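J.:
4 protein chains.
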Amino acid sequence: MNELINKEWKLHTHGLVRVVDLMGGDDAVVQMARCSYGEGTKTVNEDRGLIRYLMRHRHTSPFEGCVVKLHLKMPIFIARQWVRHRTASMNEYSARYSEMRDEFYVPQTDYVQIQSKANKQGSEEAGLDFKTQLDFANYTEYSAQEKYTGYKDSLDQGIAREMARINLPLTVYTEMYWQMNLHNLLHFCSLRSDPHAQREIRDYSDIILHEVIKQWCPLTYEAFMDYVMNADTFSAQEMTILKRKLNPNDDKTIYEMDEYNGLSKREQDEFLKKIGRSV
Amino acid sequence: MNELINKEWKLHTHGLVRVVDLMGGDDAVVQMARCSYGEGTKTVNEDRGLIRYLMRHRHTSPFEGCVVKLHLKMPIFIARQWVRHRTASMNEYSARYSEMRDEFYVPQTDYVQIQSKANKQGSEEAGLDFKTQLDFANYTEYSAQEKYTGYKDSLDQGIAREMARINLPLTVYTEMYWQMNLHNLLHFCSLRSDPHAQREIRDYSDIILHEVIKQWCPLTYEAFMDYVMNADTFSAQEMTILKRKLNPNDDKTIYEMDEYNGLSKREQDEFLKKIGRSV
Amino acid sequence: MNELINKEWKLHTHGLVRVVDLMGGDDAVVQMARCSYGEGTKTVNEDRGLIRYLMRHRHTSPFEGCVVKLHLKMPIFIARQWVRHRTASMNEYSARYSEMRDEFYVPQTDYVQIQSKANKQGSEEAGLDFKTQLDFANYTEYSAQEKYTGYKDSLDQGIAREMARINLPLTVYTEMYWQMNLHNLLHFCSLRSDPHAQREIRDYSDIILHEVIKQWCPLTYEAFMDYVMNADTFSAQEMTILKRKLNPNDDKTIYEMDEYNGLSKREQDEFLKKIGRSV
Amino acid sequence: MNELINKEWKLHTHGLVRVVDLMGGDDAVVQMARCSYGEGTKTVNEDRGLIRYLMRHRHTSPFEGCVVKLHLKMPIFIARQWVRHRTASMNEYSARYSEMRDEFYVPQTDYVQIQSKANKQGSEEAGLDFKTQLDFANYTEYSAQEKYTGYKDSLDQGIAREMARINLPLTVYTEMYWQMNLHNLLHFCSLRSDPHAQREIRDYSDIILHEVIKQWCPLTYEAFMDYVMNADTFSAQEMTILKRKLNPNDDKTIYEMDEYNGLSKREQDEFLKKIGRSV
């Protein structure tokens, strides 16, 4: 655990995830849970079983007994998504108090993707030619530099920092100390390491999940991957289909079942994808 | 109360505060408080006395029984301050899902102020000539238009909305449904209608406080103004000075007192200002 | 919606669930969600589809836009479970300020059950003879009356209410105003209408879910039942089994699969139960 | 800080406050605050000044960067007051899962006080004769023992733990792991170390404030005592009186001032008490 403190990961143009402080770990999850049961310490194997049981049955409070404080640097368009998670404690660099630094996000060309048609809030991997990608990256860099020059000019004219900064683009980097307990952090990762999240915030979330949490609380990490990240949920209607298919004496195909045909087209596709069939 | 629903206030370039829905009011505060006391309804005058008592003694839970949902439009640099208040429920317009509109904040010239020296995070009213103010306003408008053109070009090239928007400036307007209970809303206003808040967010907070809350919960509003907004707090050290001055048999001036001289220069100034003396 | 206000349900000895106030409903969920998409009103059928989509994909914030305030009466051993849900606003009757009333919970005989061996925190339906059940109910009633007499005696001797009440049993009724938004309330119901919850709190939760929420937000209720209450989640390991069984060319039985045999005995039983096989 | 871990304080019959884990301290408050200002480390004296500034101006977020986890044992009538503080993480001993222990609160005789007439929710120190006090303490002990015997009998008859425990009195001890950040903990102490809090919970809060926090974060403790616990707040009306009295050329006594006479009798008394005059 001590080895994690001050460990840092860099990403993107100027991005940073650094562990400032930690409290607890797998041991603390177990200890907090055992308070409910009035039990003392057990073997490591029993600890693993208990953590998996807690995760599987959504007994979330013992995971709140672990806390991590991170030092983060990210562009403002990511920070705006980040702070929607309300159960954190944070202190952010103040653009009213201090001058913003000349640090802006510029996407790698392969991050510049075409608007997805299937997913109105996302992008798709193929479809943009390299020149369009490169032009956008260059435009982003040029545009930021130009605006930073404008910002410095405004400051030179005596204009208050809080006003001068309003013309900066959403690519400008901010930094913060950000603290969350493990239960809420896992929930954060379940949303932000999801394929529907914007790729930039997903990169941060992936570091937090697959680096920080994995090293900090390996048993919790394993249970979380098995019971949340790589788990699937089936609706009441889908469960009826599953039960019919998984029990003998029913020779209808899924496609012939009333329950399947009662699903919306979108849900049919989601269902087939979950059970590993091509849509 | 019904008259308030759908009432709206416009401010700045494209700003909006609109009441979407309300729950409770002064009556609900009183009703919730009386549950603790096991008492029924009383006269209006007793209601006023009870609300003032609750406010004075920081009995905050009855004020949580009132809730307001607002429709807000504000530029992103304000939205970033706004969402720091974590006890709200909100849904914001998604720049990943929908195209951003051509709406940007442009400050009136008298909002463009000089950096304050006394208050590192603020600005001061005098000191900038009109031309500098006007130039900044024009630059802000021009700069936004230019970036909006760039944004539309990126979209035309097929670049995903979530990526194209990163070059927009912090002046771009966003909108949201935002809901908070009265206790947390009063706290919000105590911080954001404070002279240290940036003037733009203060304008929103003032509308919420002096228009929405005042009409919605007039007794609570009156008590809040008397016991919070226009109240002052004196530290242990300052209380010693006050007690010595306010009770007979002490002919020392404040400036001669050890307690006063033990304060830091900054606290001395704050103290004198609170008791209405020029610093 | 107005018809729900002041509607009340009685349960157990002196229990009460009464709707004091409501804000929002299915319409408000839809309206709040559409703010993200920048869209206006749609048909009822599209509203239903949207609510089901939000529920299925865990887009929880629009459900926070609905709020209910309830008047509740319950014994203290239930109230202690109740207040573990931290995202509520509440005001409770004060046993320091007011005298406790002569109201105590006495279980019906069929609520008096044997300690479960399988479920260490629960009870089992069969196994206690009627006389034991009746004796316990009578003992509970007698014991409460005796303690209430002791309480009144203490008060008569001038002992402060806050002290006199400490000898009352956990069956004594308290009452409160309790307010929660719909998202958190659904989560409350998912935990407290679960078979693992103690039967007494389940009775309250069932009223809130199947009476209050069902009438208040019928589309949300339907979606919640389909996608949460009657849904099932399968772990990564279980998903592997499902995919093997549901796709052709695999003639192994579940019991022969390595993935099945890798599950703990407890998880094997949970898995079989989910897919409708007897354990 | 390490010295505090596992340190414990015993109080009352079976009460316990034990430090399980800590994160942060005065240093962490300063570090988190400086993130906003973009500044590095400073001298200890500047740290003290910064912490006092943060406390005085209610900049609360840096105090959230410190977290303490406590192991607590307390009777249920205190636990019910305790859990009203919603910003904590906790896990409590489960009376459904495990058998309750034979541990009950019995007040010392001097804790048994007369009902206060001035303060409807409190007690007064003088007025009860020793025999009444002793009789109550004895009754409390006897009553608990009797109920514990009844509890054990119910368990012996096979009745589920979750049901058998309902006849236990509010004096029965429970225990929990309870975690809170420093900002919320100070708020907890400001309410529970207040003279209006019930003496039993005040004893716990005093240990947390004057022992745990004082040793853990001495600079924060000092600032909190000066700017919150021993500070006083004056309403708008009271401030008018203060300003008139503290500035020359006004020879009216407080009692002659319209502002004073405009206060309710209760507020007049509160005002006089604050400025150190007998009511």
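So the protein sequences, as listed, match chains A, B, C and D.
The opening position of the first sequence corresponds to residue 679 in the working numbering, with each subsequent residue numbered one higher.
The opening position of the second sequence corresponds to residue 679 in the working numbering, with each subsequent residue numbered one higher.
The opening position of the third sequence corresponds to residue 679 in the working numbering, with each subsequent residue numbered one higher.
The opening position of the fourth sequence corresponds to residue 679 in the working numbering, with each subsequent residue numbered one higher.
Idealized CB from N, CA, C, for every residue including glycine.
What you are looking at is a predicted structure, and each value in this text was computed from that prediction instead of being measured.
Along chain A, in chain order, which residues have C-beta atoms closer than 8 Å to that of residue 917/B?
T.: Position 239 of the second sequence holds residue 917/B. Ordered by position in chain A, no residue passes the 8 Å Cβ test against residue 917/B, which lies about 30 Å from the chain.
J.: Would you kindly report the start and end of the unbroken beta strand (DSSP E) that includes residue 695/D?
T.: For this step, residue 695/D is matched to residue 17 along the fourth sequence. 693-701 is the span of the beta strand (DSSP E), which, as asked, contains residue 695/D.
J.: Among 930/C, 922/C, 916/C, whose alpha-carbon lies nearest the alpha-carbon of residue 946/C?
T.: Here residue 946/C corresponds to residue number 268 of the third sequence, with the count starting at 1. Per the Cα distances, 916/C.
J.: Pick helix, strand or coil for residue 825/A, following the three-state DSSP scheme.
T.: The residue you call residue 825/A lines up with position 147 of the first sequence. Reduced to three states, the DSSP call for residue 825/A is helix.
J.: Kindly indicate if chain A contains any beta-carbon less than 7 Å away from that of residue 711/C.
T.: Within the third sequence, numbered from 1, the residue matching residue 711/C stands at position 33. It does not; no Cβ of chain A falls within 7 Å.
J.: Using 7 Å as the threshold, is the C-beta distance between residue 906/D and residue 868/D below it?
T.: What you label residue 906/D is simply residue 228 of the fourth sequence in a count that begins at 1. What you label residue 868/D is simply residue 190 of the fourth sequence in a count that begins at 1. Yes. Within cutoff.
J.: Can you tell me where the alpha helix (DSSP H) with residue 705/A in it begins and where it stops?
T.: In the first sequence, counting from the first residue as 1, residue 705/A sits at position 27. 704-715 is the extent of the alpha helix (DSSP H) around residue 705/A.
J.: Residues of chain D with CB closer than 7 Å to the CB of residue 740/A, please, in chain order.
T.: On the first sequence, residue 740/A is found 62 positions in, with the first residue counted as 1. In chain order: 769.
J.: Just how far apart, CA to CA, sit residue 699/B and residue 892/B?
T.: As a first step, residue 699/B must be located in the second sequence, where it is residue number 21. As a first step, residue 892/B must be located in the second sequence, where it is residue number 214. Their Cα atoms are separated by approximately 16 Å.
J.: Which residue or residues does DSSP assign as beta-bridge partners of residue 921/A?
T.: Against the first sequence, residue 921/A aligns to sequence position 243. Residue 921/A pairs with nothing; no bridge assigned.
J.: What do you get for residue 638/D, buried or exposed, if any count of 16 or more other CB atoms within 10 angstroms of its CB means buried?
T.: Residue 638/D lies beyond the range of chain D shown here (679 to 957); nothing can be said about it.
J.: Could you tell me whether any Cβ in chain D is nearer than 7 Å to the Cβ of residue 883/B?
T.: Your numbering for residue 883/B matches position 205 in the second sequence. No, residue 883/B does not count as interfacial toward chain D.
J.: What residues from chain D crowd round residue 816/C, counting only those whose CB sits closer than 8 Å?
T.: As a working mapping, residue 816/C is identified with position 138 in the third sequence. Within chain D, no residue comes near residue 816/C; the closest Cβ sits about 12 Å away, beyond 8 Å.
J.: Between the stretch 826-835 of chain D and the stretch 714-727 of chain D, are three or more C-beta pairs nearer than 8 Å?
T.: Verdict: no, contact absent.
J.: How would you call residue 940/A, buried or exposed, if buried means at least 16 neighbouring beta carbons within 10 angstroms?
T.: For this step, residue 940/A is matched to residue 262 along the first sequence. With fewer than 16 Cβ atoms within 10 Å of its Cβ, residue 940/A is classed as exposed.
J.: Less than 7 Å between the beta carbons of residue 897/B and residue 704/B, yes or no?
T.: One-based indexing of the second sequence puts residue 897/B at position 219. One-based indexing of the second sequence puts residue 704/B at position 26. Taking 7 Å as the Cβ cut-off, residue 897/B and residue 704/B qualify as a contacting pair.
J.: Mapping DSSP to helix, strand and coil, what is residue 910/D?
T.: For the purposes of this step, residue 910/D is identified with residue 232 of the fourth sequence, where counting begins at 1. Residue 910/D falls in the strand class under three-state DSSP.
J.: Answer with buried or exposed for residue 852/C, where buried requires no fewer than 16 other C-beta atoms within 10 angstroms of its C-beta.
T.: To locate residue 852/C, count along the third sequence from 1; it is residue 174. Answer is buried; the Cβ neighbour count reaches 16.
J.: So does the stretch 755-770 of chain D actually touch the stretch 805-815 of chain C, counting three or more Cβ pairs closer than 8 Å?
T.: Touching, no, given that fewer than three Cβ pairs across the two stretches are closer than 8 Å.
J.: Does residue 796/A pass the burial test, meaning 16 or more other C-beta atoms within 10 Å, or should it be called exposed?
T.: For the purposes of this step, residue 796/A is taken as the residue at position 118 of the first sequence. Result: exposed.
J.: Just how far apart, CA to CA, sit residue 728/B and residue 706/B?
T.: Taking the second sequence and counting its residues from 1, the one referred to as residue 728/B is at position 50. Taking the second sequence and counting its residues from 1, the one referred to as residue 706/B is at position 28. Rounded to the nearest angstrom, the two C-alpha atoms are 12 Å apart.
J.: Is residue 905/A close to chain C, meaning its C-beta is less than 7 Å from at least one C-beta of that chain?
T.: Numbered from its first residue, the first sequence carries residue 905/A at position 227. Closer than 7 Å to some Cβ of chain C, the Cβ of residue 905/A qualifies, so yes.
J.: Do residue 748/C and residue 856/C have their beta-carbon atoms positioned less than 7 Å apart in this structure?
T.: Taking the third sequence and counting its residues from 1, the one referred to as residue 856/C is at position 178. Taking the third sequence and counting its residues from 1, the one referred to as residue 748/C is at position 70. For residue 856/C and residue 748/C, yes; Cβs fall inside 7 Å.
J.: If you drop the 5 nearest sequence neighbours on each side, which residues of the same chain put their C-beta closer than 8 Å to that of residue 930/D?
T.: Counted from its first residue, the fourth sequence places residue 930/D at position 252. Correct list, in chain order: 922.
J.: At what residues does the alpha helix (DSSP H) containing residue 752/D begin and finish?
T.: Within the fourth sequence, the letter at position 74 stands for residue 752/D. Where residue 752/D is concerned, there is no enclosing alpha helix (DSSP H), although the beta strand (DSSP E) it sits in stretches over 745-753.
J.: I need the boundaries of the beta strand (DSSP E) containing residue 628/A, first residue and last residue.
T.: Not covered by the structure: residue 628/A. The range shown for chain A is 679 to 957.
J.: Terminal residues of the continuous alpha helix (DSSP H) containing residue 858/D?
T.: For this step, residue 858/D is matched to residue 180 along the fourth sequence. Unbroken run through residue 858/D is the beta strand (DSSP E), 851-859; no alpha helix (DSSP H).
J.: Identify the continuous beta strand (DSSP E) that holds residue 688/C and give its terminal residues.
T.: Taking the first residue of the third sequence as 1, we reach residue 688/C at position 10. Element bounds for residue 688/C: 686-689.
J.: What are the residues of the stretch 692-710 of chain B that lie near chain C, defined by any Cβ-Cβ distance shorter than 9 Å?
T.: Residues passing the 9 Å Cβ filter: 698, 699, 700, 701, 702, 706, 709, 710.
J.: Can you give the Cα-Cα distance for residue 688/D and residue 697/A, rounded to whole angstroms?
T.: One-based indexing of the fourth sequence puts residue 688/D at position 10. One-based indexing of the first sequence puts residue 697/A at position 19. Near 36 Å, if we compare the C-alpha coordinates of residue 697/A and residue 688/D.
J.: Please go through the same chain and pick out, in chain order, the residues whose beta-carbon is closer than 6 Å to the beta-carbon of residue 782/C, but skip the five residues on each side of it.
T.: What you label residue 782/C is simply residue 104 of the third sequence in a count that begins at 1. Within the same chain, residue 782/C has close Cβ partners 822, 849, 850.
J.: By the criterion of Cβ-Cβ separation under 9 Å, what are the contact partners of residue 880/B in chain D?
T.: In the second sequence, the residue the question calls residue 880/B occupies position 202. Those within 9 Å of residue 880/B in chain D number zero; the least Cβ separation is about 17 Å.
J.: Under three-state DSSP, which class holds residue 883/A?
T.: As a first step, residue 883/A must be located in the first sequence, where it is residue number 205. Helix.
J.: Can you tell me which of 788/B, 725/B, 766/B, 777/B puts its alpha carbon nearest to the alpha carbon of residue 860/B?
T.: For this step, residue 860/B is matched to residue 182 along the second sequence. Cα-wise, what sits closest to residue 860/B is 766/B.
J.: Between 812/A, 842/A, 791/A, 840/A, which has its C-alpha nearest residue 840/B's C-alpha?
T.: Taking the second sequence and counting its residues from 1, the one referred to as residue 840/B is at position 162. When each option's Cα is compared against that of residue 840/B, the closest is 791/A.
J.: Taking only three categories from DSSP, how would you classify residue 868/D?
T.: Working through the fourth sequence from its first residue, we reach residue 868/D at position 190. Helix.
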